[in-house]
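Just below is one structure, and these are the notes that go with it.
Protein chains: 2
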Amino acid sequence: MTSSLQSVNANALRSKPSDSKVGLGSFADFVEQFPLVGEQLYAKVFQRNSAIVQTQKPKFAVANLEKILTATFEVSAVSGFDRMSLRDLSRQTGMSMGAIYSCISKKEDIAVMVADIVGLANEYIRDHVAKVDSAFEKIEQAVRYHLYASTVLQPWYFFLFFETRSLPEELQQASIQIETGAIEQLEKALLSGVAEGEFKTRDARMIANTIVVLLEDWYLKPWKTRLFAHVDGDLAEQEALINNYNRSIIELVEKLVAKA
Amino acid sequence: MTSSLQSVNANALRSKPSDSKVGLGSFADFVEQFPLVGEQLYAKVFQRNSAIVQTQKPKFAVANLEKILTATFEVSAVSGFDRMSLRDLSRQTGMSMGAIYSCISKKEDIAVMVADIVGLANEYIRDHVAKVDSAFEKIEQAVRYHLYASTVLQPWYFFLFFETRSLPEELQQASIQIETGAIEQLEKALLSGVAEGEFKTRDARMIANTIVVLLEDWYLKPWKTRLFAHVDGDLAEQEALINNYNRSIIELVEKLVAKA
DNA sequence: ACATAAAACGAACGTTCGCTCTATTTTCTG
DNA sequence: CAGAAAATAGAGCGAACGTTCGTTTTATGT
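Taken in sequence, the protein lines are chains U and V. Its first residue numbered 1052, the first sequence is counted upward by one per residue in my numbering. Its first residue numbered 1052, the second sequence is counted upward by one per residue in my numbering.
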């Protein structure tokens, strides 16, 4: 019960994770700066999917998208997207069938929009990491940014993982490539660290893969850390839990690469 | 492309993994000895679920269960259990609707039987590991046995992971407990290794959790190692791939626990 | 060869699905 | 505050779902 996954110690409450000038600050800072939080998130959903969203007026569209997506996450986390009927969705959102279909045009559209946002979030991560120079810091920032983004967007990441098969075929491929892309990005960073003498490992791909599955674990099994039990609760507590898990991953990587 | 996840070197072809007297031999040995392979598997399904299986004569029941479960794995790996209609299943098995319903009594029963077998396999793993003394060997054997079992039963493990939500509530809990149980078992082994001075780590739970997610990765993402592309093919090649992945995990653990 | 019981069959059942349609209400605009 | 435009409600559509059932076929024991 004193394990790093469950307990939160005082050190973890620090929020000064990196000294790089492009480095990411605390989770609180991230939440203020990340473009896919709160109202901005659903505005972005509307903006990027105006082709499939039927409602034209942003005011209504954004509000309805929020209702629909929130309800989708709630219902389908329990029973899955396929078992969620549009009548369930109507009940949960308080919207009528017509209201829902004046916002989306097919049930599948909901899944498509989720895939789009998660893909966008991963682009942000990729772009952010590309700005970092040192190999080790690349990894540190990739892990941190990914944890932050997948905390804020936990239901989105979770949904995409489990409901990929509800997507049109082309998007299924794209969704798999998000994972392989993340592995390759980390592997590249590790290999360049080895080339520059910063790291020592023969097993870059295994390490990269380990990092990725640990990151997936964070948003797939939140009950392991009880993070999302208080999702509406204390931001400082969330911060502590993330920093704690983040540090566990980084320490693990340090041991694996025999960092110089 | 020379990474440990994808390449197979000559060393990995060895099949003498352990010197313990209760230690597990090669994958080939395991396949001969494991009670949930080939015909025995479906006989066991029938035996343990005779209460819900409608067909009485074992001869018919076993043959039909094999058809139904095989077809379920094939269809629902692509489209998910919910989207798989019993008409799909009828087409894929070559059985009529009536024939299917003279074997099972509800669609849900299929998922229940899968959960039962995976649960049983994990009991075998637990019992096997309990016989081992040394802490490090406990971990080694747990990893090896788990990889072997989840290779042989890959569609079963895969299905249970993705379709837990199709189970009755009580079994959903049980299915989660399989994972938490595995983590706790490994954590205990690690902690006892620390107590005996065999290991040195402050982070037993994180390491245990890392092992478990890597084991899950093996059966969830077989395309990463292309293992199951030749599932009907060369046993020696499978053996090599498993040993390779197994060794990657063990080496990783050795680095993490600073083994004495 | 026959009798009996189990198994296989497939059309049909009631239900629910995703989705559409239109009368009505709400919101925006001049 | 009037009129146009947009959004809504919820009944209704055909299709597909899981399941049932009366019947036929097959296997088994004598």
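Note that beta-carbon positions come from the ideal geometry of N, C-alpha and C, so glycine has one too.
C-beta contact flag for H1197(U) and L1292(U) at 7 Å: The count along the first sequence starts at 1 and reaches residue 1197(U) at position 146. The count along the first sequence starts at 1 and reaches residue 1292(U) at position 241. In this structure, L1292(U) does not lie closer than 7 Å to H1197(U) by Cβ.
Under 9 Å (Cβ pairs) to chain V, residues found in the segment 1203–1227 of chain U: Those would be F1213, E1214, R1216, S1217 and I1227, in chain order.
Are three or more beta carbon pairs between the segment 1099–1115 of chain U and the segment 1091–1104 of chain V nearer than 8 Å? no
For S1243(V), which residues in chain U fall below 8 Å Cβ to Cβ? Taking the first residue of the second sequence as 1, we reach residue 1243(V) at position 192. Correct list: empty, because the minimum Cβ distance to chain U is about 15 Å.
Using a Cβ cut-off of 7 Å (strictly closer), state whether D1133(V) contacts chain U. Reading the second sequence from its first residue, position 82 is the one you call residue 1133(V). Yes, because at least one Cβ of chain U sits closer than 7 Å to the Cβ of D1133(V).
At least 3 beta-carbon pairs within less than 8 Å: the segment 1238–1255 of chain V vs the segment 1164–1178 of chain V: no
With three or more C-beta pairs closer than 8 Å as the rule, is the segment 1131–1139 of chain V touching the segment 1125–1142 of chain U? yes
State the CB to CB distance for the pair Q1192(V) and V1180(V), rounded to an integer number of angstroms; the pair is presumed to be in contact (CB under 8 Å). Reading the second sequence from its first residue, position 141 is the one you call residue 1192(V). Reading the second sequence from its first residue, position 129 is the one you call residue 1180(V). Indeed they touch by this definition, with Cβ atoms about 5 Å apart.
Run the CB neighbour count on A1200(U), radius 10 Å, all protein chains shown included, and call it buried at 16 or more, exposed below. The count along the first sequence starts at 1 and reaches residue 1200(U) at position 149. Classification for A1200(U): buried.
Continuous alpha helix (DSSP H) stretch holding L1198(U): start and end: For the purposes of this step, residue 1198(U) is identified with residue 147 of the first sequence, where counting begins at 1. Unbroken alpha helix (DSSP H) run through L1198(U): A1186 to V1203.
DSSP state of L1241(U) mapped onto helix, strand, coil: Taking the first sequence and counting its residues from 1, the one referred to as residue 1241(U) is at position 190. Three-state result, L1241(U): helix.
Nearest to I1178(U) (by Cα), restricted to the options E1290(U), L1075(U) and N1297(U): If you number the first sequence from 1, residue 1178(U) lands on position 127. Residue 1178(U) is actually Asp in this sequence, not Ile. Nearest of E1290(U), L1075(U) and N1297(U) to D1178(U), Cα basis: L1075(U).
Between the C-alpha atoms of S1226(V) and L1307(U), what's the straight-line distance to the nearest angstrom? Residue mapping note: residue 1226(V) aligns to position 175 of the second sequence, counting from 1. Residue mapping note: residue 1307(U) aligns to position 256 of the first sequence, counting from 1. Approximately 31 Å, taken between the alpha carbons.
Contact check, Q1289(V) vs F1078(V) under 8 Å by CB: the rounded distance? Stepping through the second sequence from its first residue, residue 1289(V) is reached at position 238. Stepping through the second sequence from its first residue, residue 1078(V) is reached at position 27. Yes, they are in contact, since the Cβ atoms of Q1289(V) and F1078(V) sit about 7 Å apart, within 8 Å.
Considering only the beta carbon of each residue, do A1255(U) and E1238(U) sit closer than 7 Å? Your numbering for residue 1255(U) matches position 204 in the first sequence. Your numbering for residue 1238(U) matches position 187 in the first sequence. Taking 7 Å as the cut-off, the Cβ atoms of A1255(U) and E1238(U) count as close.
Quick check on S1299(U): buried or exposed, where buried means 16 or more other Cβ atoms within 10 Å of its Cβ? In the first sequence, the residue the question calls residue 1299(U) occupies position 248. Buried.
Close Cβ partners of L1087(V) (< 8 Å) along its chain, the five nearest in sequence each way excluded: As a first step, residue 1087(V) is located in the second sequence; it is residue number 36 there, counting from the start. Counting only Cβ-Cβ distances below 8 Å, and skipping sequence neighbours, we find K1095, I1168, L1171, A1172, Y1175, A1200, V1203 and L1204.
Between A1309(V) and the rest of its own chain, which residues show a CB-CB distance below 8 Å, the 5 nearest in sequence each way excluded? As a first step, residue 1309(V) must be located in the second sequence, where it is residue number 258. Correct list, in chain order: F1250, K1251 and T1252.
With DSSP as the reference, label Q1107(V) as helix, strand or coil. Counted from its first residue, the second sequence places residue 1107(V) at position 56. Note: Q1107(V) maps to coil in three-state DSSP.
Measure the C-alpha to C-alpha separation of F1111(U) and I1119(U) and round it to an integer number of angstroms. Locating residue 1111(U) in the first sequence gives position 60, counting from the first residue. Locating residue 1119(U) in the first sequence gives position 68, counting from the first residue. Spanning the two alpha carbons is a distance of roughly 12 Å.
In angstroms, rounded to a whole number, what distance separates the CA positions of E1305(U) and E1188(U)? Walking along the first sequence from the start, residue 1305(U) turns up at place 254. Walking along the first sequence from the start, residue 1188(U) turns up at place 137. Between E1305(U) and E1188(U), the C-alpha separation is close to 12 Å.
What is the C-beta distance between M1146(V) and N1115(V), in whole angstroms, given that I count them as a contact (C-beta under 8 Å)? Taking the first residue of the second sequence as position 1, residue 1146(V) is located at position 95. Taking the first residue of the second sequence as position 1, residue 1115(V) is located at position 64. With a Cβ gap of about 7 Å, M1146(V) and N1115(V) count as contacting.
With DSSP collapsed to three states, give me the class of L1120(U). By one-based count along the first sequence, residue 1120(U) stands at place 69. In this structure, L1120(U) counts as helix in the three-state DSSP scheme.
Taking Cβ-Cβ distances below 8 Å as the criterion, which residues of the segment 1286–1299 of chain U are in contact with chain V? S1299
For W1207(V), the nearest candidate out of F1081(V), E1083(V), Q1228(V) and T1121(V) (CA to CA): Residue 1207(V) sits at position 156 when you count from the first residue of the second sequence. Per the C-alpha coordinates, the member of F1081(V), E1083(V), Q1228(V) and T1121(V) positioned closest to W1207(V) is T1121(V).
Counting contacts by CB-CB distance shorter than 7 Å, is M1321(U) in contact with chain V? The structure shown does not extend to residue 1321(U), since chain U spans only 1052 to 1311, so no value can be given for it.
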